[in-house]
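J.: One structure coming up, written as structure tokens, with questions to follow.
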Amino acid sequence: MTVALFATCFNDTMWPGTPRATVALLERLGVRVEFPEAQTCCGQMFTNTGYADEAIPGVRQFADVFAGFDAVVAPSGSCVGSVRHQHPGLARRSGDPGLQRAVAEYAPKVYELSEFLVDVLGVTDVGAYYPHRVTYHPTCHSLRMLRVGDKPLQLLRAVKGIDLVELPAAQQCCGFGGTFAMKNADVSVAMGSDKSAHVKETGAEVLVAGDNSCLAHIGGLLTRERAGIRTMHLAEILASTEEEPA
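Position 223 of the sequence shown, counting from 1, maps to 223 under UniProt numbering, and the rest follow consecutively.
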């Protein structure tokens with residue numbers, strides 16, 4: 001199987017270790033991964049702020065770049081949610097039947113990482129090793145839009161050496177919400193502070209999630225609070241393996 005990596009612009013710019021970990025993980029599982037260099041933003045920021053027409057060129061670019069792959073995998077529930085749920089509407093808005101057909105072809109084949117691992121490859125034990133106390137935050141788009149359910153937890157539970165602890169009020173939003181955090185900063189910080197308090201309750205060393213945008217928000221608050229809790233993307237934990245003895 002040949003899949004395309006959709007790195008997402010946020011990861012590519014600020015968290016390049018996450019797409020690299022995604023490639024390392026998939027290749028370890030025998031998947032052939034290609035990285036189309038012409039990929040750009042999915043357009044979610046335009047769409048979410050009311051600039052739907054400005055988002056359409058990004059949909060055209062996505063259609064051109066990712067056509068023909070068996071699957072497209074991204075380490076971001078937020079961006080995958082945009083592709084699967086916003087691109088069809090944007091294609092209809094464009095009035096271009098060709099673009100509508102292209103989106104109908106690629107959108108069902110775009111997967112968030114945990115979906116691809118569990119639903120497509122049929123694996124939960126990916127051979128990972130991570131001997132730390134970890135808690136998991138289910139991000140809103142992965143939970144409510146993509147409905148990935150407990151797939152990330154299935155993968156984490158199979159990690160050798162991990163001490164996985166439940167996060168209180170896990171399904172509560174962290175308050176980031178993309179541009180919401182900028183337009184409603186006080187509310188966003190209040191929600192994030194509630195989330196960081198719950199994270200600290202767990203005694204975890206590491207907070208893990210499937211979206212670096214949420215981790216950036218919660219992690220920023222944890223850092224300012226000097227909580228001593230690191231953040232890691234799910235892909236990075238799953239890509240970790242036990243070191244060979246010297």
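Beta carbons are placed, not taken as given, at the ideal position from N, Cα and C, and that holds for glycine. Everything numeric in this text was worked out from a predicted model, so none of it was measured.
With burial defined as no fewer than 16 other Cβ atoms inside 10 Å of the residue's Cβ, what is the status of Met182: buried or exposed?
T.: Exposed, because fewer than 16 other Cβ atoms sit within 10 Å of the Cβ of Met182.
J.: In three-state terms, what does DSSP make of Ala63?
T.: Note: Ala63 maps to helix in three-state DSSP.
J.: Are the CB atoms of Ala71 and Val3 within a distance shorter than 7 Å?
T.: In this structure, Ala71 lies closer than 7 Å to Val3 by Cβ.
J.: Could you pull out every residue in the same chain whose Cβ sits closer than 8 Å to the Cβ of Glu244, ignoring the five residues on either side in sequence?
T.: The predicted model places Glu244 with a pLDDT of 44, which falls under 50 and marks its position as unreliable; any figure quoted below should be read in that light. Cβ within range, chain order: n/a, list empty.
J.: Locate the beta strand (DSSP E) running through Asp163, then write down its first and last residues.
T.: 163-165 is the span of the beta strand (DSSP E), which, as asked, contains Asp163.
J.: Which of the three DSSP states, helix, strand or coil, is assigned to His141?
T.: It is helical.
J.: Where does the unbroken beta strand (DSSP E) through Glu34 begin, and where does it stop?
T.: Element bounds for Glu34: 32-34.
J.: Return the residue from the list Asp96, Ser196, Arg32 that minimises the CA-CA distance to Arg60.
T.: Measuring from the Cα of Arg60, the nearest candidate turns out to be Asp96.
J.: For Lys195, count neighbouring Cβ atoms within 10 angstroms of its own Cβ and tell me buried if that reaches 16, exposed if not.
T.: Result: buried.
J.: Is there contact between the region 144-161 and the region 211-226, where contact requires at least three CB pairs shorter than 8 Å?
T.: Cβ pair count under 8 Å is below three, so no.
J.: Quick check on DSSP: helix, strand or coil for Leu5?
T.: Correct three-state label for Leu5: strand.
J.: Could you spell out where the beta strand (DSSP E) holding Tyr111 opens and where it closes?
T.: Counting along the chain, the beta strand (DSSP E) containing Tyr111 begins and ends at 110-112.
J.: Could you tell me if Thr13 is buried or exposed, where buried requires 16 or more neighbouring beta carbons within 10 angstroms of its beta carbon?
T.: Classification of Thr13: exposed, given that the 10 Å Cβ count is below 16.
J.: Given Gln154, which residues of its chain have a CB within under 7 Å of its CB, disregarding the five upstream and five downstream residues?
T.: Answer for Gln154: Val118, Thr124, listed in chain order.
J.: Taking the continuous beta strand (DSSP E) assigned at Tyr136, which residues delimit it?
T.: Its beta strand (DSSP E) spans residues 133-136.
J.: State buried or exposed for Arg157, treating a residue as buried only when at least 16 other CB atoms are found within 10 Å of its CB.
T.: It is exposed - the Cβ of Arg157 has fewer than 16 other Cβ atoms within 10 Å.
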